[in-house]
Amino acid sequence: MRFFHVDGSTIAGGKSKTMLDRIREGTQGPVVKTILFIIILAFAFTGVSAYLGGSVDDYAAKVNDKEISRADFDRAYQGQRARMEQQFGEMFEMLAADETYMREMRVGVLEQMIEEELAVQLASDMNLSQSADALRNAIRQMPEFQINGQFSNDAYLRQLNSADFTPTAFRDYLQLQMNRVALMQGAFGSEFVLDNESERLQVLQNERRSGRYALVSADDYMDLVELSDAEIEEFYYENQDAFRQEERIKLAYVELSFTDVLESIDVDDAEVRAYYDANPASFRSEESRSIAHILVEFGDNEDAALERIREIQSRLEAGEDFAELAATESDDIFSGEDGGELGLLERDTLDPDLEDAGFALAAEGDVSDVVRSEFGFHLIKLTDLTEAESTSFADVADDIRANIAQAEAERVYFEQQQELARISFEVDNTLDEAAAALGLTVQTSPWISRNEPVEGFDDANLLQQAFSDDVSERGLNSELIELDDRSLVVRSSEYLAPQVLALEDVRTDIEAYLSADKAEALAAERAQEILAMVEAGDNVADIEFVDIESASRFGSNLPGAVRQQLFRMPVSDSPVYAQVTLSNGDAAVIELTNMQPGVVDAEDAERSKRQLESQYAELAYRAVMDALKAKATIERRL
Numbered sequence: 001m002r003f004f005h006v007d008g009s010t011i012a013g014g015k016s017k018t019m020l021d022r023i024r025e026g027t028q029g030p031v032v033k034t035i036l037f038i039i040i041l042a043f044a045f046t047g048v049s050a051y052l053g054g055s056v057d058d059y060a061a062k063v064n065d066k067e068i069s070r071a072d073f074d075r076a077y078q079g080q081r082a083r084m085e086q087q088f089g090e091m092f093e094m095l096a097a098d099e100t101y102m103r104e105m106r107v108g109v110l111e112q113m114i115e116e117e118l119a120v121q122l123a124s125d126m127n128l129s130q131s132a133d134a135l136r137n138a139i140r141q142m143p144e145f146q147i148n149g150q151f152s153n154d155a156y157l158r159q160l161n162s163a164d165f166t167p168t169a170f171r172d173y174l175q176l177q178m179n180r181v182a183l184m185q186g187a188f189g190s191e192f193v194l195d196n197e198s199e200r201l202q203v204l205q206n207e208r209r210s211g212r213y214a215l216v217s218a219d220d221y222m223d224l225v226e227l228s229d230a231e232i233e234e235f236y237y238e239n240q241d242a243f244r245q246e247e248r249i250k251l252a253y254v255e256l257s258f259t260d261v262l263e264s265i266d267v268d269d270a271e272v273r274a275y276y277d278a279n280p281a282s283f284r285s286e287e288s289r290s291i292a293h294i295l296v297e298f299g300d301n302e303d304a305a306l307e308r309i310r311e312i313q314s315r316l317e318a319g320e321d322f323a324e325l326a327a328t329e330s331d332d333i334f335s336g337e338d339g340g341e342l343g344l345l346e347r348d349t350l351d352p353d354l355e356d357a358g359f360a361l362a363a364e365g366d367v368s369d370v371v372r373s374e375f376g377f378h379l380i381k382l383t384d385l386t387e388a389e390s391t392s393f394a395d396v397a398d399d400i401r402a403n404i405a406q407a408e409a410e411r412v413y414f415e416q417q418q419e420l421a422r423i424s425f426e427v428d429n430t431l432d433e434a435a436a437a438l439g440l441t442v443q444t445s446p447w448i449s450r451n452e453p454v455e456g457f458d459d460a461n462l463l464q465q466a467f468s469d470d471v472s473e474r475g476l477n478s479e480l481i482e483l484d485d486r487s488l489v490v491r492s493s494e495y496l497a498p499q500v501l502a503l504e505d506v507r508t509d510i511e512a513y514l515s516a517d518k519a520e521a522l523a524a525e526r527a528q529e530i531l532a533m534v535e536a537g538d539n540v541a542d543i544e545f546v547d548i549e550s551a552s553r554f555g556s557n558l559p560g561a562v563r564q565q566l567f568r569m570p571v572s573d574s575p576v577y578a579q580v581t582l583s584n585g586d587a588a589v590i591e592l593t594n595m596q597p598g599v600v601d602a603e604d605a606e607r608s609k610r611q612l613e614s615q616y617a618e619l620a621y622r623a624v625m626d627a628l629k630a631k632a633t634i635e636r637r638l
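In full-length UniProt numbering, the protein residues as written are 1 to 638.
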């Protein structure tokens, strides 16, 4: 096992030089580029301009005086929710209903952001830095900034502007993240595994165990459970945090929908026709032609070259195939392998004489007379000709109408956005005037919380505005909130501050929890009795045991807790016994009678090595982060 000090020296393992070498290599490695696309784009293009400039209104954590803004945290949390929902589908609804699970997920997201910030700060302390060329190349390779596979400065600036980044701020952000990735890759990519370690892992993983187990169901003891009011009250008052309800808000809001604006736009036939007539080039395809050639270079004797091309011309006129002659006779061996094809003919791409000859050909299959260029003599063949043609008005009228409507809707939508923002700001104690001016309706949302926002009200920016002091406490209108295809202004309709739920509201849940807990305890007591009986060799014929035949460590035919305990038990020449509680509260008594050592599989060695390397890297990562957290000043405000 290997651990690293924060300054890069080793506690054990003697690998400081390797780690630092890896860091230096990592700053230029292809893995960094791959990880950057995952990390940078996940953050940069969701509007995290506050990342470099501190918090906007509030912060979720502070790491050595560097704030992680509440907006950034909410955005990261919602992103994690979306990924889990996509991964687990309908099952996620069950997870989301568990407040404890969701609270732990929020804590996990925040801890990940804290660790990323610590890594950024460590990289800065170690003076890691990317060259201007490295940053420029990383930016130019990002697909979001490319058009047709080429970097576009216009696309780059538009993307940054939409994310509220300046080019300088983005380069600074990219510098920090590339430094962090290079540090992590260098530190944890240096782990290695010896062959005997890999073999030992396979022996353990492929091990087989046999025996039997008996289950004691907790449900069988529910009827024996008795609860007093005193027990319920004691549990309630000792676990107040478990019954704390987060702040909730019901919003009054005015919504401006781009879809509604678009549907209201009417474009008449005359306007469509006028646009068609005024833009003929937009509805006309250009002529397209492709050519092939046979080349005879001048060499030392231009007259001999001319005689040779004339001979090839004669063979063509006699009926020989142009492509076959290009393959066998052309001095341009690269195009000759493809029948002499030069591809699409465009002006200013070839020798002017070749272009003139190619454009002079009238029909597919026509071959020019001998053409002289600076390279030699050519025969040019027109291999493909697509005539220029105009698209009829009838074919494009619907598209023109849609484009005109789209452009007009964008103009109207922008004007209405500005009007909605202006009126709701000037008259900030009601939404009625803004709604009346724009012909909209003041609507009311369901109850919303930060942790469990309902669909349609789960945008991070909307949540930040909804729970801002101006809206939740002062009763003012929010700023204009721009979402994908709609804009809203919200205000508080009803607001509930964080509170502890009353005992009567949670009594049923407490009773169910305590009853299950007591039933589990009774089942465990019965399992302990059975364990004592089998260890003493008493008759347990009335106990129903399930046989275990050569169970594998990763099999699925046993209850999880039973399988895990079975492989934790020590191996002996005589039977070994243990007791374990299952996740559903049932208890189990396990008897281990036989162990078969795992067989080493040479073909599986590489997978085992990668698995161990991953485990070592995780241990190293945790050691570094634990050390960083121990030295850092961290304030969490969840």
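Every residue, glycine too, gets a C-beta built ideally from N, C-alpha and C.
Evaluate Arg491 with the Cβ neighbour count: other Cβ atoms within 10 Å of its Cβ, from every protein chain shown; 16 or more gives buried, anything less gives exposed.
The residue in question, Arg491, is buried, as its Cβ has 16 or more Cβ neighbours within 10 Å.
Please report the distance separating the alpha-carbon of Ser574 from that of Phe567.
Between Ser574 and Phe567, the C-alpha separation is close to 16 Å.
Could you check if Ala147 is buried or exposed, using at least 16 other CB atoms within 10 Å of its CB as the buried criterion?
Checking the displayed sequence, the identity of residue 147 turns out to be Ile instead of Ala. Exposed.
Grab me the residues of Asp269's own chain with a C-beta within less than 6 Å of its C-beta, minus the 5 sequence neighbours each way, in chain order.
Within the same chain, Asp269 has no close Cβ partners at all.
Between Leu501 and Phe243, which are expected to be in contact by the criterion C-beta below 8 Å, what is the C-beta distance as a whole number of angstroms?
At roughly 5 Å, the Cβ-Cβ gap stays under 8 Å, so Leu501 and Phe243 are in contact.
Please classify Arg491: does DSSP put it in a helix, a strand, or coil?
Note: Arg491 maps to strand in three-state DSSP.
Return the CA-CA distance between Val272 and Ala497, expressed in angstroms with no decimal places.
Going by the C-alpha atoms only, they are around 56 Å apart.
Answer with buried or exposed for Ala76, where buried requires no fewer than 16 other C-beta atoms within 10 angstroms of its C-beta.
Buried, since its Cβ has 16 or more Cβ neighbours within 10 Å.
CB Val203 to CB Gly555, shorter than 8 Å?
Their beta carbons are not under 8 Å apart, which means Val203 does not touch Gly555 by this criterion.
From the DSSP secondary-structure annotation, give me the bridge partner or partners of Lys62.
In DSSP, Lys62 forms a bridge with Glu67 and Glu635.
Please classify Asn429 as buried or exposed, where buried requires at least 16 neighbouring CB atoms within 10 angstroms.
Result: exposed.
Taking just the CA atoms, how far does Glu355 sit from Glu346?
If you take the alpha carbons of Glu346 and Glu355, they lie about 8 Å apart.
Looking only at its own chain, which residues have a Cβ that is under 6 Å from the Cβ of Ala437, when we skip the five neighbours before and after it?
Contacts found: Ile423.
Taking the alpha-carbon positions, what's the Arg315 to Phe359 distance?
The straight-line gap from Cα to Cα measures roughly 24 Å.
Between Asn179 and Leu128, which are expected to be in contact by the criterion C-beta below 8 Å, what is the C-beta distance as a whole number of angstroms?
Right, the Cβ-Cβ distance comes to about 4 Å (below 8 Å), so this counts as a contact.
What does the Cβ neighbour count give for Leu431, buried or exposed, with the cut at 16 atoms within 10 Å?
Classification of Leu431: buried, given that the 10 Å Cβ count is 16 or more.
If you draw a straight line from the alpha carbon of Phe45 to that of Thr168, how long is it in whole angstroms?
Note that Phe45 scores a pLDDT of 42, beneath 50, so its modelled location is shaky and nothing firm can be said.
What beta strand (DSSP E) runs, 3 residues minimum, are completely inside the segment 219-306?
For the segment 219-306, whole beta strand (DSSP E) runs of length 3 or above, ordered along the chain, are 248-257 and 288-297.
Using a 10 Å radius around the Cβ and a threshold of 16 neighbouring Cβ atoms, would you call Thr166 buried or exposed?
So Thr166 counts as exposed.
Tell me which same chain residues have a C-beta within less than 7 Å of the C-beta of Ala327, skipping the five on either side of it?
Hits under 7 Å: Gly336, Glu337 and Gly339.
Starting from the C-beta of Arg637, find all residues in its chain whose C-beta is less than 7 Å away, skip the five residues before and the five after it, and write them out in chain order.
Answer for Arg637: Tyr59, Ala60 and Ala61, listed in chain order.
Who are the near neighbours of Gln611 in its chain, counting only those whose CB is closer than 8 Å to its CB and skipping five residues on each side?
The residues are Leu201.
Report the rounded CA-to-CA distance for Arg83 versus Phe92, giving the unit in angstroms.
One C-alpha to the other measures close to 10 Å.
Which residues in the same chain as Arg372 place their Cβ atom closer than 6 Å to its Cβ, once the five residues preceding and following it in sequence are excluded?
Nothing meets the Cβ criterion.
Using a Cβ-Cβ cut-off of 8 Å, state whether Gln418 counts as contacting chain B.
Reference to chain B is not applicable here, since this structure consists of a single protein chain.
Could you compute how far the alpha carbon of Ser487 sits from the alpha carbon of Phe457?
C-alpha separation (whole angstroms): 12 Å.
Note down the Cα distance separating Gly89 from Phe258, rounded to an integer number of angstroms.
Each residue's Cα considered, the two are about 30 Å apart.
Would you call the segment 275-288 and the segment 470-478 touching, i.e. three or more CB-CB distances under 8 Å?
As far as the Cβ criterion goes, the segment 275-288 does not touch the segment 470-478, which means the pair count is below three.
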